[in-house]
Amino acid sequence: MVKSCGLVVYFQYLNVLKSYRMPKPLHVYLIDDDSDDHDFFKLAIEGIDTDIECAFASSGDEALERLKDSGFKPDVIFLDINMRGMNGLEVLTEIRKLAHLDSAAVYMYSTSANERLKSTFISLGATGVIRKAANITLLKEMLLTLFQPCNSAADGSR
Amino acid sequence: MVQDNAISKKFPLNQPRDNGNFKMEISLRARPVFLGKVPATTKDYYRAAAVAAVLIIAFLVTIPEAGKPLTAYPTLIVVYDAFVLMVDLITAFLLFTQVGHVRERSLVVIGCGYLFTTVLIGAHGASFPDAFRQGTLIGGSQTTAWLWMGWHGLFPFFVGAYALLRYREADGAKRRFGYNRKAVRLSVAITILLAITAILVASKAEDLLPKLMEGNRYESPLTPLILATGWIAHLIALIILLWYTRLRRIIDLYLAITLLALVIDLALSAVFINARYELGFYLGRVYGLLAGCFVLSLLLRQTFSLYAKAVHLSQLLLESEEQLKGFNVTLESKVESRTIELKERKDELQIKNRQLQDTIAQLESFNYIASHDLQEPLRKIQTFADLLLQQSHGKETQSDYARKIHASSLRMSELIAGLFKYSGLSETEGDFELTDLNKVLENVKADLEIKIKETGAQIESGPLPSVRAIPSQMHQVFSNLITNAIKFSDKQPKITITSMSVKGKDIDSKKVDGGLTEKAFVALSFSDNGIGFDNRYSERIFQLCQQLHPRDKYAGTGIGLSIVEKIVQRHNGFVTAYGEKGNGATFVVYLPGK
Numbered sequence: 074m075v076k077s078c079g080l081v082v083y084f085q086y087l088n089v090l091k092s093y094r095m096p097k098p099l100h101v102y103l104i105d106d107d108s109d110d111h112d113f114f115k116l117a118i119e120g121i122d123t124d125i126e127c128a129f130a131s132s133g134d135e136a137l138e139r140l141k142d143s144g145f146k147p148d149v150i151f152l153d154i155n156m157r158g159m160n161g162l163e164v165l166t167e168i169r170k171l172a173h174l175d176s177a178a179v180y181m182y183s184t185s186a187n188e189r190l191k192s193t194f195i196s197l198g199a200t201g202v203i204r205k206a207a208n209i210t211l212l213k214e215m216l217l218t219l220f221q222p223c224n225s226a227a228d229g230s231r
Numbered sequence: 163m164v165q166d167n168a169i170s171k172k173f174p175l176n177q178p179r180d181n182g183n184f185k186m187e188i189s190l191r192a193r194p195v196f197l198g199k200v201p202a203t204t205k206d207y208y209r210a211a212a213v214a215a216v217l218i219i220a221f222l223v224t225i226p227e228a229g230k231p232l233t234a235y236p237t238l239i240v241v242y243d244a245f246v247l248m249v250d251l252i253t254a255f256l257l258f259t260q261v262g263h264v265r266e267r268s269l270v271v272i273g274c275g276y277l278f279t280t281v282l283i284g285a286h287g288a289s290f291p292d293a294f295r296q297g298t299l300i301g302g303s304q305t306t307a308w309l310w311m312g313w314h315g316l317f318p319f320f321v322g323a324y325a326l327l328r329y330r331e332a333d334g335a336k337r338r339f340g341y342n343r344k345a346v347r348l349s350v351a352i353t354i355l356l357a358i359t360a361i362l363v364a365s366k367a368e369d370l371l372p373k374l375m376e377g378n379r380y381e382s383p384l385t386p387l388i389l390a391t392g393w394i395a396h397l398i399a400l401i402i403l404l405w406y407t408r409l410r411r412i413i414d415l416y417l418a419i420t421l422l423a424l425v426i427d428l429a430l431s432a433v434f435i436n437a438r439y440e441l442g443f444y445l446g447r448v449y450g451l452l453a454g455c456f457v458l459s460l461l462l463r464q465t466f467s468l469y470a471k472a473v474h475l476s477q478l479l480l481e482s483e484e485q486l487k488g489f490n491v492t493l494e495s496k497v498e499s500r501t502i503e504l505k506e507r508k509d510e511l512q513i514k515n516r517q518l519q520d521t522i523a524q525l526e527s528f529n530y531i532a533s534h535d536l537q538e539p540l541r542k543i544q545t546f547a548d549l550l551l552q553q554s555h556g557k558e559t560q561s562d563y564a565r566k567i568h569a570s571s572l573r574m575s576e577l578i579a580g581l582f583k584y585s586g587l588s589e590t591e592g593d594f595e596l597t598d599l600n601k602v603l604e605n606v607k608a609d610l611e612i613k614i615k616e617t618g619a620q621i622e623s624g625p626l627p628s629v630r631a632i633p634s635q636m637h638q639v640f641s642n643l644i645t646n647a648i649k650f651s652d653k654q655p656k657i658t659i660t661s662m663s664v665k666g667k668d669i670d671s672k673k674v675d676g677g678l679t680e681k682a683f684v685a686l687s688f689s690d691n692g693i694g695f696d697n698r699y700s701e702r703i704f705q706l707c708q709q710l711h712p713r714d715k716y717a718g719t720g721i722g723l724s725i726v727e728k729i730v731q732r733h734n735g736f737v738t739a740y741g742e743k744g745n746g747a748t749f750v751v752y753l754p755g756k
C-alpha cells in the first residue's frame, strides 16, 4: 500500500513538474499574401520552440474574418505591409478597432522599413516594425528577442 | 500737334514730347493771367520809363512858352472832354470786368475812380462856357472850374485808396474778398451818386462856393491855392502808389503814368498859366489825352493778347485731351494683349507643372519599387539558397527549394523588364502624328490572335476616331488594356470598345485641373465582363507594381496599367477605371481632341 501511495505521489510530482516546465502556449498569427513567407515563418518557429502555435492568413480580408471571432485571440500578430487587396495599414486600423485584441502585440512585417513609416504605424497602434530577414537564422534570432519577455511573463517561476 | 504759326512764336510753349510720355510745359510768360493781375515785366518798365521821359521833356519844353495866349476854341475843349470821357469809360469798364475774376477790392475802388471822373467830365463838357450857342447846359460861370477841380482833385484819392488796398490784399494773401455783387453794385451806385452830388453842388450852389474864375481868367487868390493842393494830392498819390504797390502789376504801372501825365497836365493848365486858351492850357490837355489813350491802348492790347493766349491754350488742351484719349486706347489694347499673353503663358505653365508633378510622382514610385518590390524576390532567393546550404534535405525538398529560387529570379527579371519599359517611355519613342485608332485596334487584335482564339474572346468596337498621338504608344495602351480584360476573366471574355467626344468637365478624375473644363477630349472606353475589382481600388491599380489578386491565381507584374497611365499622361490625357467585383470593369482613356 505504501508503494502505491508513493507511486501516486510520484506521479502527482511529475504532473506538478510538468506544469512548471510547460509554459503557456504562445499564439502567433501571420498575415501575409506570400505563401513562401508562411513557410519561412513555420520553419523559424519550429526551430525555436514547438509550443508556439502559429496560424496563417493569406489576405487582410481572410484575417479579419477570423479575428472578428472573439474566441480567436492571438498574442502576437505579424502583419505584412504590402499585400494585394487590403494593405497592412488598413488591416492594422481594423484590428485596433477590435476590443478583444487590445492586449495583442501587432508587429508590421516588411521588406523595407523606413523611419517615417515606422512612426506612422506606431501612431496607428502597431507595437513595432520588423524587417523581413534574408535567411531563417536571422528570423529565428529576431523572434527569440521578441518572445523573451512574453515567455517570462507566462512562466512566473523563472 | 501745335501749329507753327505767329502765335506760337509769340507765346512759346514747350512742344509735347512724342515718346509716349506726354508732358506739357508752359513757360511762365505764356500763361494767361487775368488783366487785373498781370505782373509788369522789364519790357513794360522800359516802355513806361520812355513814356515818362517823353512827358517830362515835353513839359519842360513847354514851360517857358506856357503863358502865350492863343485863339479860343471852346468847342475843341468839349470835343476833348468827349474823347477823355470815352477813354475813361472804357478803362472803367475794363477794370470792372476784372472784378468778378480777380476779386480784389482795390480794383473796385479804382474802377469807381474812373467812373467818377467819367461822370464829371461829361458835366464839365456840358458846362463849358461859350461852347454852346444857347449858353452852358449846366450851371454858370464857376461851375466848369469847380467841376474841373472835383474831377482832378478827387481822382488821386481813388488811386491812393487803390494802392493802400493793394498793400492790404498783398499778392497771395489768404483772405479774399468774396465776390459780393451787391457790394460792387453798391459801390458803383455810391460813386455815381457822389458824382451827381458834386455836379449839383457845382452847378446849383455855385454862389456858395468861392469864386475861382473871372471870365476866362484865373482871378481869385484862392485859385492857385486850390490848384496847388490838387497838384500836391497828385504827387502824394503817386508816391503812395509807388511805395505800396512797388508797381508790381501792369495796372499799377499804367496808373503811375496816368498820374504823371495828370501832374503835368495840372501844372500846365493851371499853375504856370493865368487864363484859358493859353499854350500851356492846350498842351496840358493834349498831354493828358495822349497819356490816357496810351494807357488805354496798352490795356486793350494786353486784354487781347491774354485772350489770344487763352484761346491758344484751350486749343492745346483739346489737342492734348485727344492725344490722351489716343494713348489711353493704345494702352488699353496693349494691356489687353499682354493679359492674353500672360494667360496663355499661365496655361502653358500649368500644363508643364502638371507634367512635372507627374514625372516626380513616377520617379518616386519608381524608386520605391526598386527598393521594395525587387528586394522581395531577392530575399527569397537568399533564404532558399541559405536553407539549401544549411541543412540536409530530402531530394524532393531540394528540388522544391531550387524551383522556388528559379521562380523568384524569373519574377525579378520580369519586373526589371517591365520597369525598363516603363522608364523608357519618356524618351522620344516616335513623333506625334495623326493616328487612326481603328488601325491600331486591328494591329493589336492581330498581335493577340492566339490568346483571343484560346479564350474565345469577343472584341466589339464602334468606329474609332483619329487622334494626334504616337502610334506605337497607342498600340501599347490598347494591347495592355485588352490583355488585362482577357486575363482577368473567369468566363468567355467579351470586350466592348467605344469612343465619344466629351469636355474636360465631364471627366471624373481629381487630376483634371480647372483650366481644362472647356477643353475637348476624345473618350475611349474599354469595357469587359471579367472578374472586376473592388471600386475603392480604382486609383491604386494604376500605381506601379500594385496588384489586387493573389499571384497564384492571376500572374503579372502590376506594371501594365502604370504603363498605360504614363503613356496617356504623356499625351496630355487622363485614364480612369471603374469596377464592380464579379461584374466586370471599364477603363476610359481621355485624349485631347481638336
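Going down the list, the protein sequences come from chains U and S.
Quick note: the first sequence uses my numbering, first residue 74, plus one each step.
Quick note: the second sequence uses my numbering, first residue 163, plus one each step.
Cβ atoms here follow ideal geometry from the backbone N, Cα and C, with glycine treated the same way.
State the CB to CB distance for the pair residue i and residue j, rounded to an integer number of angstroms; the pair is presumed to be in contact (CB under 8 Å).
i, j, result
"ASP153 of chain U", "SER183 of chain U", "7 Å"
"LEU212 of chain U", "PHE113 of chain U", "6 Å"
"PRO291 of chain S", "PRO236 of chain S", "7 Å"
"ASN208 of chain U", "GLN560 of chain S", "Contact doesn't hold; Cβ gap of about 17 Å is too wide."
"ALA418 of chain S", "LEU400 of chain S", "6 Å"
"PHE683 of chain S", "LYS667 of chain S", "Wrong, their Cβ atoms sit about 10 Å apart, outside the cutoff."
Can you look up residue i in the DSSP assignment and give me helix, strand or coil?
i, result
"ARG34 of chain U", "Given that chain U is displayed from residue 74 to residue 231, the structure contains no residue 34 of chain U and the question cannot be resolved."
"LEU596 of chain S", "strand"
"MET662 of chain S", "strand"
"GLN524 of chain S", "helix"
"GLY744 of chain S", "coil"
"CYS78 of chain U", "helix"
"LYS146 of chain U", "coil"
"SER289 of chain S", "coil"
"LYS141 of chain U", "coil"
"ILE125 of chain U", "coil"
"MET95 of chain U", "Confidence at MET95 of chain U is low in this model, with a pLDDT of 48, below 50, so its placement is unreliable and the value that follows should be read with caution. Residue state, collapsed to three classes: coil."
"PHE489 of chain S", "helix"
"PHE194 of chain U", "helix"
"TYR716 of chain S", "coil"
"PHE255 of chain S", "helix"
Please report whether the beta-carbon of residue i lies at a distance below 7 Å from any beta-carbon of chain B.
i, result
"HIS568 of chain S", "Of the chains in the structure shown, none is chain B; the protein chains are U and S."
Should residue i be counted as a contact of the ligand MG given a C-beta to heavy atom distance under 6 Å?
i, result
"LEU452 of chain S", "Among the components of this structure there are no ligands whatsoever, and the ligand MG is therefore not found."
Over the uninterrupted beta strand (DSSP E) stretch that includes residue i, give me the two end residues.
i, result
"CYS707 of chain S", "No beta strand (DSSP E) holds CYS707 of chain S; DSSP gives it neither H nor E."
"ALA631 of chain S", "628-631"
"SER623 of chain S", "620-623"
"TYR416 of chain S", "That residue, TYR416 of chain S, is in no beta strand (DSSP E); its alpha helix (DSSP H) goes 412-428."
"LEU371 of chain S", "LEU371 of chain S -> no beta strand (DSSP E), and no H or E assigned at all."
Which stretch, first to last residue, makes up the alpha helix (DSSP H) that contains residue i?
i, result
"MET156 of chain U", "It is not in any alpha helix (DSSP H) - MET156 of chain U carries neither H nor E in the DSSP assignment."
"LEU327 of chain S", "305-330"
"ILE388 of chain S", "384-407"
"HIS568 of chain S", "557-586"
Looking only at DSSP bridge pairs, what is residue i linked to?
i, result
"ASP690 of chain S", "S:ILE657"
"GLU484 of chain S", "GLU484 of chain S is not bridged to any residue."
"MET181 of chain U", "U:LEU152, U:VAL202"
"PRO231 of chain S", "S:GLU440"
"VAL737 of chain S", "S:VAL751"
"ALA683 of chain S", "For the sequence presented, residue 683 of chain S should be read as Phe rather than Ala. Bridge partners of PHE683 of chain S: S:VAL664, S:PRO754."
"TYR276 of chain S", "Answer is none; TYR276 of chain S lacks a bridge partner."
"HIS100 of chain U", "U:GLU126"
"PRO226 of chain S", "DSSP lists no partner for PRO226 of chain S."
Could you check whether the region 193-205 of chain S touches the region 405-419 of chain S, counting it as contact only if at least three pairs of C-beta atoms, one from each stretch, sit closer than 8 Å? Verdict: yes, contact present.
Between the region 247-254 of chain S and the region 267-282 of chain S, do at least 3 Cβ pairs fall closer than 8 Å? Between the region 247-254 of chain S and the region 267-282 of chain S, the count of Cβ pairs shorter than 8 Å is three or higher; the stretches touch.
Could you check whether the region 624-637 of chain S touches the region 668-677 of chain S, counting it as contact only if at least three pairs of C-beta atoms, one from each stretch, sit closer than 8 Å? When C-beta atoms of the region 624-637 of chain S are compared with those of the region 668-677 of chain S, fewer than three pairs fall below 8 Å, so the two segments do not count as touching.
Using 8 Å as the threshold, is the region 729-742 of chain S in touch with the region 697-717 of chain S, meaning 3 or more CB pairs across them? Judged by Cβ distances under 8 Å, the region 729-742 of chain S makes contact with the region 697-717 of chain S, as three or more pairs qualify.
Count Cβ pairs between the region 677-687 of chain S and the region 715-731 of chain S that sit closer than 8 Å; are there 3 or more? With a cut-off of 8 Å, the region 715-731 of chain S and the region 677-687 of chain S do not count as touching, because too few Cβ pairs lie within range.
Three-pair Cβ contact test at 8 Å for the region 526-537 of chain S versus the region 570-583 of chain S: Judged by Cβ distances under 8 Å, the region 526-537 of chain S makes contact with the region 570-583 of chain S, as three or more pairs qualify.
Check whether the region 319-328 of chain S touches the region 391-400 of chain S, taking contact to mean three or more Cβ pairs, one atom from each stretch, closer than 8 Å. Enough Cβ pairs lie closer than 8 Å, so yes.
With three or more beta-carbon pairs closer than 8 Å as the criterion, would you say the region 704-713 of chain S touches the region 151-169 of chain U? Flag = yes, the region 704-713 of chain S and the region 151-169 of chain U touch.
Specify whether the region 131-140 of chain U and the region 97-106 of chain U touch according to this definition: at least 3 beta carbon pairs, one from each stretch, less than 8 Å apart. Touching, yes.
So, do the region 532-550 of chain S and the region 193-209 of chain U have three or more beta carbon pairs nearer to each other than 8 Å? A contact exists between the region 532-550 of chain S and the region 193-209 of chain U.
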